[in-house]
Each structure stands twice: as C-alpha cells, then as structure tokens.
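Residue numbers (my numbering), protein chains in the order written: chain A, 82 to 198; chain B, 82 to 198; chain C, 82 to 198; chain D, 82 to 198.
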C-alpha cells in the first residue's frame, strides 16, 4: 500500500485477525463475499429513501451508514492485503481508464455505460 | 479525509464528475447502489472458485479483480465525499468497536457473529 | 416444491447441470453467491435512474432486466433444490410473519423497519 | 404470471402493500434494491462456511436461510408485478438461451463464462 493511513489499517487488521486465529476464514473468496455483504448493508439504509432524503440523513441513519462505510473499507483493505494489491495505485489507474472510456464530449450530462456511448 | 492519498482521489473524482455534469446522478443513494453493484462484480470472479483457487488467481482474473477493487474504492470515496464522512477515522473507530465485540477469548478460532458469541 | 411450474424449472435445471457436470460447482454457498451477483446485475440497470424512469423502462432495458430477473429466479430455484426448501410454502409463511411484524396501524404510510416501529 | 402459486403470492403482496399504503415506496428501482439486499442477507449466512458446511446447515442457520430465501422470492414477485413480467415464461426462455451459450461439449466440467468458452 502506498499510504501510511492504509498501512496502519492493514497492520491493525492483521493483528486483529491473528489474535483471533481468523486467517483460516480470510480467503480472498470469503473476503470478497463479506465485502459485498457489507456494501449491501450500507445500501439497505437507502432502499426506501427518496433521493432528497438520502442527501440529508437523519442522525441515527447517518451514524449507522458511517460505520457500514467503515466496514466496507476495512474488508476492502483486508482483501487487498491478502492478494497484495496496491489499492491507491489501482484507483489512479482506473480513473485514467475511465477518462478514456467516458470522453467529456460524449458523456456530458448522461449516465450511459461506456459500451453504449 | 485525513490522508493526502484519499484527498487526491477525492479531488480527481470531483473534477471527473464536474467535467461530465454527473453530480446530478451522484446522490448518496445512487452511489451506495453503485458501490454494491461494483462489490458484486468483484465477487462474481470468485463465485465458482474453490478457496485454494481464490488464493492464487490466474493473471487475467487477477487483473480484472484488481480493477474491480479499484472501482469499489472509488465509489466509496465518492460516497464519503458526498456525505462528508472521514473514512479513515471511521475505520479506526470501527476496529475499536469490533475489538470490544469480539474479545479474543471468545472469538478465537470461530467465525460466529458477535451477537451469537 | 409445491407447484408444477417450479417443479418443471427445477427439473430442467437439474438436467442442464448434470449434462455439463456442474453439480460439483453448485454448492449452496456458491449458488447463494451467484444469486446475489445476479440480483446486483439486475440492480445495475436501475442505479442511475430516477424513480419515474424506473417505472417506464426503455425497451432494451426492459428486455435486459427481464432476463436478469429470470436469472435470479433460476438460481433461487436451484439453491432451494440443493437445500430441499419449499419456496412457495416458505413465502406464504414469511408473509404471515411480516403481517405480525408490520401491523397496519403502525406501518401505514411509513417505511420503517419493524424493529423501529 | 402463468402459475396459480405465483398469482396467489402476487395478490397477497398487493393486498399487504395496499393496506399499509406502501405502493409509494415500491418503485421498480427500490424493489430491485430490496431484492439485492435480501440476496446479500441470504449470502451472509454462508460467508465464512466451507463448502461442505454449506451443504449441511445447522438447524438455526437453515431456518434463517429458509426465510431469507422466501424474502428473495417475495421481492422478486413484487418486482415482476410492478413491471408486468411473466417470470415463469422468462425463466424457460433464459434456460434456452443458456443452452445455446453453454454447449455441452464446451462447457462440460468447467465453470467458465460463456464469453470465455
């Protein structure tokens, strides 16, 4: 990982897992599953909200959503650690790919997938 | 955001979206949906793999998985930006919550949910 | 399964899988994963739509959505077959549970979870 | 819907929703979201299980899984009702598409996606 902030979290998660003997459960497949489950738990808080309501969450919802977002990040870091992925570098690379896929002139103001542009 | 690495990505995503007039689509609800969809796309690569296979991915699968993981991070950062969440601080807070929920003596070697410990 | 329509689909899926020697991949865990992945693919078509747009889909979107919905049903039937679950009976039972959890007087006009009513 | 069993459930869900004035929340977009969330809740029960464990669930897990599977079916029927989709007919059509995509000779014994066969 390229950033200190990510390294700190990665190391804390390693210690956490080792102390509990959880590495046996943390296969990349299982971590990808847990990541998808956490992302769905985050989404659950929004499922019946109108778009406007989703912009100004009630305090309890905001608190719950915040901790679900943290869960997503934690499983993502753990997943990347197990596969030795550099998430920050990959994210920059993906933005470049997206810039090429979605030229401003074609993508401006519409939400079509790049395969349909 | 507390880290330079995240601020960089957040700012790039802001520019990317503004140039394409996409902020109209980026409600927290829609971003939470996109995050869950990307997490499922990541998971798709693992759905038929045995645990051992998931530890040593084929090169093309590893490349695809890497870019899906980047997508998850990018939507998570964008989501957090729209709700003004500090992901790194929240992640540290969540690890502390988990430490209390999963005491080593009870959690060691099993994968039960904290509510069942 | 209690209905002929479901039995037909279940039997077709059994034949399909046996002919391809796919039962080795169809563990309940993997089928639950595939089900979640298909549900996310269905959702992907809606992620940037406004609620009104989601009510009157464009023809190509409607066609794609229809086939994703079919995938969800097929994996659900296959999953239920592997665990010997009677989906129709369970669905009726769940409606009764929900009727008790969401009394009309409390639930009318709001979308709160039963634990918050 | 082509089957009595589905029509019964569809009608019960219509009554349930009307009595609670919930049609306002049941846009196709929101129902697709709820479907994905329920599928993830089903998956959550399997996330740390080994394949063998997932074949013979503990009684409490089996009960929880059964009701989550019912939730998936109920939201799928509700979603199909709102878009006027005939799930059973679509499922048969999708099996035919898959038969063409996955010829026995090519697909036998491997789990590759049809685009990679």
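Where a beta carbon is used, it is the ideal one built from N, C-alpha and C, also for glycine. Note that this is a predicted model, so its numbers are computed, not measured.
Proximal residues of chain D, C-beta to C-beta of residue i below 7 Å
| i | result |
| --- | --- |
| residue 188/C | 101 |
| residue 121/A | 117, 118, 121 |
| residue 94/A | Correct list: empty, because the minimum Cβ distance to chain D is about 16 Å. |
Chain-ordered neighbours of residue i on chain B, where CB pairs are closer than 9 Å
| i | result |
| --- | --- |
| residue 192/D | 128, 129, 130 |
Start-to-end residues for the alpha helix (DSSP H) that takes in residue i
| i | result |
| --- | --- |
| residue 187/B | 185-188 |
Chain-ordered chain B contacts of residue i [CB-CB under 7 Å]
| i | result |
| --- | --- |
| residue 84/A | 84, 86 |
| residue 125/C | 118 |
Contact set between residue i and chain A, taken where Cβ atoms lie within less than 7 Å
| i | result |
| --- | --- |
| residue 195/B | Result: empty, since nearest Cβ-Cβ is about 12 Å, beyond 7 Å. |
| residue 147/B | 166, 171 |
Where residue i meets chain C, residues with beta-carbon distance less than 7 Å
| i | result |
| --- | --- |
| residue 106/B | 129 |
Within-9 Å CB hit, residue i to chain F
| i | result |
| --- | --- |
| residue 198/C | Of the chains in the structure shown, none is chain F; the protein chains are A, B, C and D. |
Residue i: contacting residues in chain D (beta-carbon distance under 8 Å)
| i | result |
| --- | --- |
| residue 98/C | Correct list: empty, because the minimum Cβ distance to chain D is about 10 Å. |
Next on the checklist: Would the segment 82-95 of chain B count as touching the segment 175-187 of chain B if we require 3 or more Cβ pairs under 8 Å?
Outcome noted: They do not touch, by the three-pair rule.
Checklist entry - Mind listing which residues of the segment 108-119 of chain D have their C-beta closer than 7 Å to chain B's C-betas, in chain order? => result Listed by position along the chain: 114, 117.
Checklist entry - Enumerated in chain order, which unbroken segments of the alpha helix (DSSP H) with a length of 4 residues or greater are wholly contained in the segment 99-182 of chain B? => result Within the segment 99-182 of chain B, the complete alpha helix (DSSP H) runs of at least 4 residues are 109-125, 132-136, 140-164, 168-182.
Checklist entry - Of all the residues that make up the segment 128-140 of chain D, which are near chain B by a beta-carbon distance shorter than 7 Å? => result For the segment 128-140 of chain D, the residues whose beta carbon sits under 7 Å from a beta carbon of chain B are, in order, 129.
Checklist entry - Of all the residues that make up the segment 151-176 of chain D, which are near chain B by a beta-carbon distance shorter than 8 Å? => result Listed in sequence order: no entries.
Checklist entry - How do the segment 190-198 of chain B and the segment 165-180 of chain D stand: do at least 3 beta-carbon pairs fall below 8 Å, yes or no? => result With a cut-off of 8 Å, the segment 165-180 of chain D and the segment 190-198 of chain B do not count as touching, because too few Cβ pairs lie within range.
Item to check | Stretch pair the segment 88-102 of chain C + the segment 114-131 of chain A: three plus CB contacts closer than 8 Å | outcome: Counting Cβ pairs under 8 Å, fewer than three are found: no touch.
Checklist entry - Between the segment 131-140 of chain B and the segment 138-155 of chain A, do at least 3 Cβ pairs fall closer than 8 Å? => result The segment 138-155 of chain A and the segment 131-140 of chain B do not touch, with fewer than three beta-carbon pairs separated by less than 8 Å.
Next on the checklist: For the structure I just gave you, are there three or more beta carbon pairs, one from the segment 138-149 of chain A and one from the segment 169-183 of chain B, closer than 8 Å?
Outcome noted: Look at the beta carbons and you see the segment 138-149 of chain A touching the segment 169-183 of chain B: at least three pairs across the two are nearer than 8 Å.
Checklist entry - Would you say the segment 97-117 of chain C touches the segment 100-107 of chain A, given that touching needs at least three Cβ pairs under 8 Å? => result Between the segment 97-117 of chain C and the segment 100-107 of chain A, the count of Cβ pairs shorter than 8 Å is below three; the stretches do not touch.
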